[in-house]
């Protein structure tokens, strides 16, 4: 024990083993995830969307807000009257739809990331406190969550936006509040099933405090269902934000947000199909891809379903 | 004793059921209080003066303001205001709409049948297609039918329904000209509203073509509103069915030499349907949320469109009243589903 070299070797071996273990966990995860072809396709589409969102200012052929006064409602390139200048056509004030869609990807992914981050952190905090302390704290918190869940989520989001005022940021806050109880419930259930396990008791006996027990001992073992729920909430957030935008309560024109684009296109529904079709298709493809990834994650992370 | 035993059993069944019901009822009390607190607080956290929001007036002189202050009870302590509000709710006082100056409850009740009609058609549509699709997918697991159905279901689940509605309008109303674009019935027909349900009223009116017109107006909104529930029900039926098909009693039924139809239709389906019924019940909240979008797209005069219109024209008493009524409906439906679940599944009741 006093020999310094022996101590060094020991530590290296430990580190090496830990690295190997982490790799094997990742390998196993990828093995199960990649067995689901839909999930891999979904992951590719999501990757493509992220790339498009990041590169939008570079690859978009036009300025998304530039109104071309000589090209109102130009059809897409493959239709009579279309041209390669505006590949997916233009809207009622002559803006290039493809460029607007590319910039719209930034908004949708940004909305998803922000909403999931807020509701995930909030939900984990609330769920941890409820599940760890139990008793009246738990009862109070879960009753409040029940009340939030008693309202249809879109209606509650609309009412919250009515209080906060229309706009993208307020819409994101409203959606995060509406989605948050799902994370709280999930965390609470996971914490309650974990907190009676032996490793938690042993950590307690070793003298770990409340915070350490909550965040370092219990929480990492509850992450699997939370990751799956976070993925599914990501798609819900994009859908709800688009719905709010469509109803005029989310991002405001001329923001190239997909739902807002649809709201502006509504009156041309019977005259110019492309103005309506492409923004919605972008929403559908993105949400579908994220849900595919979510299904794949659930299959790969849920040990109950894993080998069935 | 021989005659007494079943009677005793029956009594114990009823007391058990009663206990179960009471437990459920006690649980909804805090939710009800919470809902009323949310609605009560809603007008008080709005930007601007709550008194002016409730009255729908602006720039009033101090005298009128004092009058309104007393009228809405803002001169009394907050707990008394809340208490008065809840007592009012129990007496059917849900506020007065600014837009129409009529009681919110009357407004709501006048529009509610339209939403119920649409939501009922949507859930019937979703169930009639979703359950058989889910069963066949489970029985033929891994087949092309299963993969196609589950792919479609996931797409339906990911569908922005407001866009889906616009697409259907482009195809069926624009290109094909089969269905009307908006409303509940053609303006050519005029008859008294007896039940508020257009399908029934148009039949009662006896006017030729009225019923056909009502049906045509219903088709697209039904499909749009039913899409997400359909996807959820199909997925849920499939997974419930898969679980049940692996159970011992299904294997026993197979071992007895029963036909596939009998095994699936009788032994498996009955048990698989229990979680599916819960899922259908839980879709009611989803339907009422989806009704906001669907009714807006098709100009369907129901409570979803009314809520959105009320929010946009700052008719806050209507929003407040509608919020409570919708939450109460969702709560009651969930309670009914819970009780039904207990009735058909004794294992839950005895817990």
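Protein chains in written order, with UniProt numbering: chain A, 1 to 308; chain B, 1 to 351.
For glycine and all other residues, C-beta sits at the position ideal for the given N, C-alpha and C.
Predicted, not measured: the structure shown is a model, and the values here were computed from it.
### Task
Select from the region 273-292 of chain A all residues with a C-beta closer than 9 Å to any C-beta belonging to chain B, and list them in chain order.
Answer set for the region 273-292 of chain A: 273, 276, 277, 279, 280, 281, 283, 284, 285, 286, 287, 288, 289, 290, 291 and 292.
### Query
If we cut at 8 Å on Cβ distances, does residue 89/A have a partner in chain B?
It does not: the Cβ of residue 89/A has no partner Cβ on chain B nearer than 8 Å.
### Query
Can you find a CB in chain B that lies within less than 8 Å of the CB of residue 10/A?
It does not; no Cβ of chain B falls within 8 Å.
### Query
residue 311/B CB to nearest chain A CB: under 8 Å?
Closer than 8 Å to the CB of residue 311/B there is at least one CB belonging to chain A.
#### Entry: Cβ distance (whole Å) where residue 108/B is taken to contact residue 290/B below 8 Å
Not a contact, Cβ separation roughly 18 Å.
### Message
Between residue 153/A and chain B, is any beta-carbon pair separated by less than 8 Å?
### Response
By this cut-off, residue 153/A is an interface position.
### Query
Does the Cβ-Cβ distance between residue 278/A and residue 101/A come in under 8 Å?
It is a contact, given that the beta carbons lie within the stated cut-off.
### Task
Determine, using beta carbons only, whether residue 183/A and residue 229/A come nearer to each other than 8 Å.
Yes, the Cβ-Cβ distance between residue 183/A and residue 229/A is below 8 Å.
### Query
Of all the CB atoms in chain B, is at least one closer than 8 Å to the CB of residue 146/A?
Answer yes: the Cβ-Cβ gap between residue 146/A and chain B drops below 8 Å somewhere.
### Query
Which runs of the alpha helix (DSSP H) spanning at least 4 residues fall entirely within the region 20-85 of chain B, listed in chain order?
DSSP runs (the alpha helix (DSSP H)) wholly in the region 20-85 of chain B: 50-55 and 62-71.
#### Entry: Spatial distance of residue 55/B from residue 82/B (CA atoms)
Near 18 Å, if we compare the C-alpha coordinates of residue 82/B and residue 55/B.
### Message
Can you check which of these residues, 116/A, 191/A, 196/A and 52/A, is closest to residue 240/A by C-alpha distance?
### Response
With respect to the C-alpha of residue 240/A, the residue from 116/A, 191/A, 196/A and 52/A having the closest C-alpha is 116/A.
### Message
Can you give me the C-alpha to C-alpha distance between residue 196/A and residue 174/A, rounded to a whole angstrom?
### Response
Computed Cα separation, rounded: 35 Å.
### Query
According to the neighbour-count rule (16 or more other Cβ atoms, all chains shown, within 10 Å of its Cβ), is residue 70/A buried or exposed?
Per the 10 Å Cβ criterion, exposed.
### Query
Mind pulling the chain A residues with CB within less than 9 Å of residue 352/B?
There is simply no residue 352/B to check, as chain B begins at 1 and stops at 351 in what is shown.
### Query
Would DSSP call residue 103/B helix, strand or coil?
Collapsing the DSSP output to three states places residue 103/B in a strand.
### Query
With residue 198/B and residue 208/B assumed to form a contact (beta carbons below 8 Å), what rounded beta-carbon distance in angstroms separates them?
Wrong, their Cβ atoms sit about 16 Å apart, outside the cutoff.
### Query
CA-CA distance, residue 163/A and residue 46/B?
Rounded to whole angstroms, residue 163/A and residue 46/B show a C-alpha spacing of 5 Å.
### Message
Less than 8 Å between the beta carbons of residue 261/A and residue 171/A, yes or no?
### Response
Their beta carbons are not under 8 Å apart, which means residue 261/A does not touch residue 171/A by this criterion.
### Query
If the cut is a Cβ gap below 8 Å, which residues of chain A does residue 155/B touch?
The contact set of residue 155/B on chain A, defined by CB atoms closer than 8 Å, consists of 284 and 288 in chain order.
### Query
Would the beta-carbon of residue 339/B fall within 8 Å of that of residue 24/B?
Yes.
#### Entry: Which residues DSSP lists as bridging residue 152/B, in chain order
In the DSSP output, where bridge partners are listed per residue, residue 152/B has none listed.
### Task
Using a Cβ-Cβ cut-off of 8 Å, state whether residue 34/B counts as contacting chain A.
Taking CB atoms only, residue 34/B has a neighbour in chain A less than 8 Å away.
### Query
For chain A, is any of its Cβ atoms less than 8 Å away from the one on residue 50/B?
Not flagged as an interface residue toward chain A: residue 50/B, since no C-beta distance is shorter than 8 Å.
### Query
Can you list the residues of chain B that residue 269/A reaches, using a CB-CB cut of under 7 Å?
Those are 166, 169 and 170, listed as they occur along chain B.
#### Entry: Top-ranked residue by Cα proximity to residue 94/B, from 132/B, 105/B, 84/B and 253/B
It is 105/B whose Cα lies nearest to the Cα of residue 94/B.
### Query
Between which two residues does the alpha helix (DSSP H) containing residue 44/A stretch?
That run of the alpha helix (DSSP H) goes 37-59.
#### Entry: Residue from 51/A, 216/A, 167/A and 210/A with nearest C-alpha to residue 259/A
If we check each option's Cα against that of residue 259/A, 167/A comes out closest.
### Message
For a quick check, are the C-beta atoms of residue 184/B and residue 300/B less than 8 Å apart?
### Response
The Cβ atoms of residue 184/B and residue 300/B lie closer than 8 Å to each other.
#### Entry: Which listed residue (158/A, 154/A and 103/A) has its alpha carbon closest to that of residue 50/A
The closest CA to that of residue 50/A, considering only 158/A, 154/A and 103/A, is found on 103/A.
### Query
Is the CB-CB distance between residue 153/B and residue 231/B below 8 Å?
Against a cut-off of 8 Å, the Cβ pair of residue 231/B and residue 153/B comes out as a contact.
### Query
Taking only beta-carbon atoms, is residue 237/A less than 8 Å away from chain B?
Not closer than 8 Å to any Cβ of chain B, the Cβ of residue 237/A fails to qualify, so no.
### Separation of residue 37/B from residue 96/B, as counted between CA atoms
In this structure, the straight-line span from the alpha carbon of residue 96/B to that of residue 37/B is close to 19 Å.
### Task
Taking residue 326/B as the query, report the chain A residues whose CB atoms sit under 8 Å from its CB, ordered along the chain.
Neighbours of residue 326/B in chain A, taken as residues at a C-beta separation under 8 Å, are given in chain order as 151, 152 and 155.
### Query
So with Cβ pairs under 8 Å, would you call residue 134/A a contact of chain B?
For residue 134/A, the closest Cβ of chain B is not nearer than 8 Å.
### Task
Could you name the residues of the same chain whose beta carbon sits closer than 6 Å to that of residue 247/B, not counting the 5 residues immediately before and after it, in chain order?
Nothing meets the Cβ criterion.
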